[in-house]
Amino acid sequence: MKQKILVCGNLPASVLDRLREVFEVEGNFEDLPLKRARLLESVGDKEGLMSMITDMVDEEVLSRAPRLRMIANMAVGYNNVDVKAATARKIPVTNTPDVLTETTADLAFTLILSVARRVAEGDRMVREGRFQFWAPFLFLGTEVTGKTLGIIGMGRIGKAVARRAAGFDMRILYHNRDRIDAAEEKSLRAEYTDMKTLLASSDFVSIHVPLAENTKHLIGMAELSLMKPAAFLINTSRGPVVDEPALVSALQDGVLAGAGLDVYENEPSLAPGLAGLANTVLLPHVGSATLETRMKMAMMATDNLIAGLTGRKPPNLVNPEVWK
Ligand code: GLV
């Protein structure tokens, strides 16, 4: 008899067909997050789970899943999975690193350019019939080339953003839990600084840390107040890394010039006042959302699920201690 799995997101037929070769698959065929009640009910007889970032795989879910032996999260970030609780039950958890690095860095750069050159604001202006004439000092943006970029979190995505910034002749500062090695710093032309110096010296600050207890509200009013009034904040990581109401106040009061956001503290809700700010570019959490990358992520999660449930070590384990 085939093992049973639950696939929480609506995936293309080619991915589901591959999973069906090995498993009995229960899918979610709507482009809506799986309802919590359905997750809690459906997980009861499943050996495997392919979760999305919108599925909270917590103690309650795990306690309803006595047969569960594998959780493959279709994302690089896995803050939606209680890895500690899964590890306590010896359940392997996997993510989808690498395949989305360049795509997410592209989006961070899209936000840098869009917020600096007021792309979304200009688009609205044209569509609404408010483009009536050209004038030499109207609708000015901010130069990106040659400016200073501060990267918070110099992991795979942070480094990919740095490579793009080099093409724009930017000075690159970074802050990271651990300093990267000197040769890599040199090849990326990146200078290590403490957080305060990075915030105070950068024209653009781009966040690339995972969400964990120690990164929640890493950027609050105290940090925003250190930024230059002409600087921009870019967030493509996870919303709760930034205190969003504090960011709204800071943007309203001119503490910083603008923000490009792909993620929010309480998705899909926005902090009051954010949507009304013209100096923001707001995207609906699409950092890795290209067809090519989402296919790779779905296939990677599939490979992890198949490996783990057929007795092979899953390639992208985030809790390797469970695999003895
Ligand atoms: C998307 O947000 C991811 O973590 O892959």
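Positions 1 to 324 (our numbering) are the ones given, in order, by the sequence shown.
Ideal Cβ placement from N, Cα and C applies to all residues, glycine included.
Length of the line joining the Cα atoms of residue i and residue j
i, j, result
"Leu261", "Leu107", "10 Å"
"Ala246", "Arg36", "30 Å"
"Leu317", "Phe168", "36 Å"
"Gly239", "Asp45", "33 Å"
"Asn214", "Phe139", "40 Å"
"Leu277", "Gly254", "11 Å"
"Lys228", "Ile219", "14 Å"
"Tyr78", "Ser225", "30 Å"
"Leu19", "Asn235", "34 Å"
"Glu292", "Asn266", "28 Å"
"Glu41", "Ala298", "24 Å"
"Leu147", "Val161", "A small correction: the amino acid at residue 147 is Lys; Leu does not occupy that position in the sequence shown. Roughly 14 Å separates the two Cα atoms."
"Phe137", "Ile53", "44 Å"
"Lys391", "Trp323", "Only positions 1 to 324 of the chain appear in this structure, which leaves residue 391 out of reach."
"Arg325", "Tyr264", "Residue 325 falls outside the range modelled here, since the chain spans only 1 to 324, and no answer is possible."
"Pro315", "Phe23", "19 Å"
"Gln132", "Thr290", "35 Å"
"Ala105", "Ala200", "23 Å"
"Glu223", "Lys196", "8 Å"
"Ser187", "Met295", "31 Å"
"Arg413", "Pro92", "This structure leaves residue 413 out entirely; the chain is present only between 1 and 324."
"Asn325", "Met56", "No information on residue 325 is available, as it lies outside the stretch 1 to 324 that the chain covers here."
"Pro268", "Ser249", "20 Å"
"Leu309", "Arg179", "37 Å"
"Arg38", "Lys2", "21 Å"
Contact set for residue i: own chain, Cβ-Cβ below 8 Å, skip 5 residues either direction
i, result
"Ala301", "Met50, Ala72, Asn73, Met74, Thr94, Thr96"
"Phe232", "Ile112, Val115, Ala116, Thr142, Asp203, Phe204, Val205, Leu256, Ala257, Gly258, Ala259, Gly260"
"Pro66", "Gly44"
"Asp216", "At residue 216 the sequence reads Lys, which differs from the Asp that was named. Excluding positions up to five away in sequence, the list reads Pro240, Val241."
"Glu26", "Lys4, Ile5, Leu6, Val7, Ser42, Lys46"
Nonlocal neighbours in the same chain, by C-beta distance under 7 Å from residue i, ignoring five residues either side
i, result
"Asn28", "Val7, Cys8, Gly9, Asn10, Leu34"
"Phe109", "Val161, Arg164"
Same chain, Cβ closer than 6 Å to residue i, five either side skipped, listed in chain order
i, result
"Ala230", "Ala257"
"Leu198", "Gly150, Leu173, His175"
"Ala190", "Ala162, Ile172, Tyr174"
Which whole runs of the beta strand (DSSP E) in the region 196 to 283 are 3 residues long or more, in chain order? 204 to 207, 232 to 235, 258 to 261, 280 to 282
Would you call the region 87 to 96 and the region 57 to 71 touching, i.e. three or more CB-CB distances under 8 Å? yes
Quick one: complete beta strand (DSSP E) runs, 3+ long, within the region 124 to 164? 148 to 152
Segments of 3+ residues assigned as beta strand (DSSP E) that fall wholly inside the region 26 to 58: 48 to 51
Any contact of the region 136 to 153 with the region 190 to 208, i.e. 3+ C-beta pairs under 8 Å? yes
Are the region 298 to 315 and the region 14 to 27 touching, with three or more C-beta to C-beta distances below 8 Å? yes
Okay, do the region 156 to 165 and the region 97 to 105 touch, 3+ Cβ pairs below 8 Å being the bar? yes
Which residues neighbour ligand 1 when neighbourhood means a C-beta less than 6 Å away from any of its non-hydrogen atoms? List them by chain order. Ile53, Ala75, Val76, Gly77, Leu100, Gly287, Ser288
Counting Cβ pairs closer than 8 Å, one from the region 140 to 149 and one from the region 108 to 123, do we hit at least three? yes
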